[in-house]
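Worksheet: the structure to be examined is printed underneath.
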């Protein structure tokens, strides 16, 4: 009788273990954030990578994890790795039609390109972001980008003002 009970228990336990879901992209992302706050960058990156690998294609937490990886790489001076993540973030945002994330990803890409030889590309990121802002009527987002965009133009030696024309500000 004990043997039958033990075998039944083991069978039920095995079935229950199979039915448990693996950790979600959200749980990996949240763990990554916790590690990041503790200053454990390598552990945070590992969790973000797991979120990326275990989430659905358009999961909010996959996109957040990709962006977080880019921010950590950029802070560590790993510009190429950061740029790869920000491009990936942009692609995910584009596939889900998330204009705000597309704009922010372009801004982040421009941050990776703030070297003399890549400044024109950084300016192009802002110009593309401005096109998206204009088409989606996200004028408040433009105000967030203006200081960095102006800085890039200044470094390029350009005298133009990146502010929108009066027609874009509501006047005709």
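Numbering (the working numbering), first residue to last: 7 to 178.
We treat Cβ as the ideally placed atom computed from N, Cα and C, and that holds for glycine.
Nothing here was measured: the structure is a model prediction, and the numbers come from that model.
Who are the Cβ neighbours of residue i in its own chain at under 7 Å, not counting the five residues just before and after it?
i, result
"residue 87", "79"
"residue 129", "158, 159 and 162"
"residue 117", "80"
"residue 85", "118"
Quick one: using the 10 Å Cβ neighbour count with 16 as the cut-off for buried, is residue i buried or exposed?
i, result
"residue 106", "exposed"
"residue 167", "exposed"
"residue 38", "buried"
"residue 53", "buried"
"residue 31", "buried"
"residue 141", "exposed"
Below 8 Å on the Cβ atoms is my guess for residue i versus residue j; work out the distance and round it to an integer in Å.
i, j, result
"residue 69", "residue 98", "5 Å"
"residue 71", "residue 57", "4 Å"
"residue 138", "residue 108", "6 Å"
"residue 75", "residue 112", "So it is not a contact: roughly 17 Å between Cβ atoms."
In its own chain, which residues sit with a C-beta less than 6 Å from the C-beta of residue i, not counting the 5 before and 5 after it?
i, result
"residue 49", "41"
"residue 119", "127 and 128"
"residue 94", "72"
"residue 36", "none"
"residue 136", "none"
Taking only the alpha-carbon atoms, compute the straight-line gap between residue i and residue j and give it to the nearest angstrom.
i, j, result
"residue 47", "residue 146", "32 Å"
"residue 59", "residue 165", "45 Å"
"residue 178", "residue 131", "Any reading at residue 178 needs caution, since the residue's pLDDT is 34, under 50, leaving its predicted position unreliable; the model's value is listed next. The alpha-carbon atoms of residue 178 and residue 131 are separated by roughly 27 Å."
"residue 67", "residue 125", "31 Å"
"residue 149", "residue 92", "21 Å"
"residue 175", "residue 61", "For residue 175, the predicted model reports a pLDDT of 43, less than 50, meaning its position is unreliable; a value from the coordinates is still stated below. Going from the Cα of residue 175 to the Cα of residue 61 covers about 40 Å."
"residue 55", "residue 151", "28 Å"
"residue 153", "residue 28", "43 Å"
"residue 73", "residue 156", "24 Å"
"residue 110", "residue 33", "24 Å"
"residue 104", "residue 96", "9 Å"
"residue 123", "residue 90", "18 Å"
"residue 121", "residue 44", "30 Å"
Leaving out the 5 sequence neighbours to the left and right, which residues in its chain are closer than 8 Å to residue i when beta-carbon positions are compared?
i, result
"residue 77", "88 and 114"
"residue 100", "108"
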